[in-house]
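Encoded as structure tokens, the structure appears first; notes follow it.
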Amino acid sequence: MDIEHYQKFVNKTAFFPKSSQGRNLSYLVMGIVEEVGEIYEFIVKKENLENLNEIELYSFKVEYILEQIIKESGDLLWYITAICKEMNFSLERLMQYTKVKKNKHISNISLLIYLGNLSGAVKKMIRDDNEKITDKKSDLIINNLCYILMFILQLCDENNIKFKVVLEMNVKKIKSRQKRGTLKGSGNDR
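Reminder that position 147 of the sequence shown reads as 356 in my numbering, one-by-one numbering, no gaps.
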């Protein structure tokens with residue numbers, strides 16, 4: 210699975226109540242915020258496991274938690290890709306922008322700042338620009354998406370996960386949900 214094929218897949222599976230561009234982006238940004246929260250839930254669980262003395266139990270749980278981090282990172286990437294589609298911006302181009310900035314470490318605090326900047330740009334686009342993306346807001350959205358994508362790449366590096374695995378697991382997860390008719394709903398295991 211490569212970036213171009215992944216973007217085509219996301220474009221086909223972008224299931225959400227489409228409306229105006231501003232509302233579509235606000236929906237997708239809320240998804241990004243939710244997924245980052247879910248990823249951090251598993252990061253905290255992984256950190257808490259480091260205090261366990263039972264090596265066998267620890268290994269099992271860390272493996273499960275890493276799998277969940279991969280799945281949630283895939284969901285986060287899906288939302289990023291869907292935003293790119295809404296903005297007529299390719300995921301491949303976003304990856305190129307991200308590679309230029311890749312030497313920067315994304316801390317928890319800076320990730321919150323990027324999420325806030327992204328949310329604020331979309332909020333102000335709805336409030337001030339009649340839900341139309343201006344060049345200035347577009348640049349702000351793309352810039353902050355770069356840093357959020359860097360967060361995913363950093364997670365992959367820190368946990369020895371190949372980015373391609375994130376793409377493939379997300380496609381597999383969504384196809385499974387499509388097949389079972391469970392794209393709508395809540396929960397990781399639906």
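Cβ atoms here follow ideal geometry from the backbone N, Cα and C, with glycine treated the same way.
- Per DSSP, Gly246 is one residue of the alpha helix (DSSP H) stretching across 230 to 258.
- Selection Gly246, Val309, Glu244, Leu327 evaluated against Ser347 yields Leu327 as nearest (Cα-Cα).
- Between Leu285 and Ile248, the C-beta spacing is below 8 angstroms.
- Between the C-alpha atoms of Phe251 and Ile274 there is a straight-line separation of about 6 angstroms.
- The Cβ neighbour count for Asn220, taken over all protein chains shown within 10 Å, is under 16; the residue is labelled exposed.
- Within the same chain, Cβ atoms closer than 7 angstroms to the Cβ of Ala291 are found at Val219, Ala223, Leu237, the five residues on either side in sequence being excluded.
- For Thr307, the uninterrupted alpha helix (DSSP H) segment begins and ends at 300 to 310.
- Counting every other CB atom within 10 Å of its CB across the protein chains shown gives Glu244 a total of 16 or more, marking it as buried.
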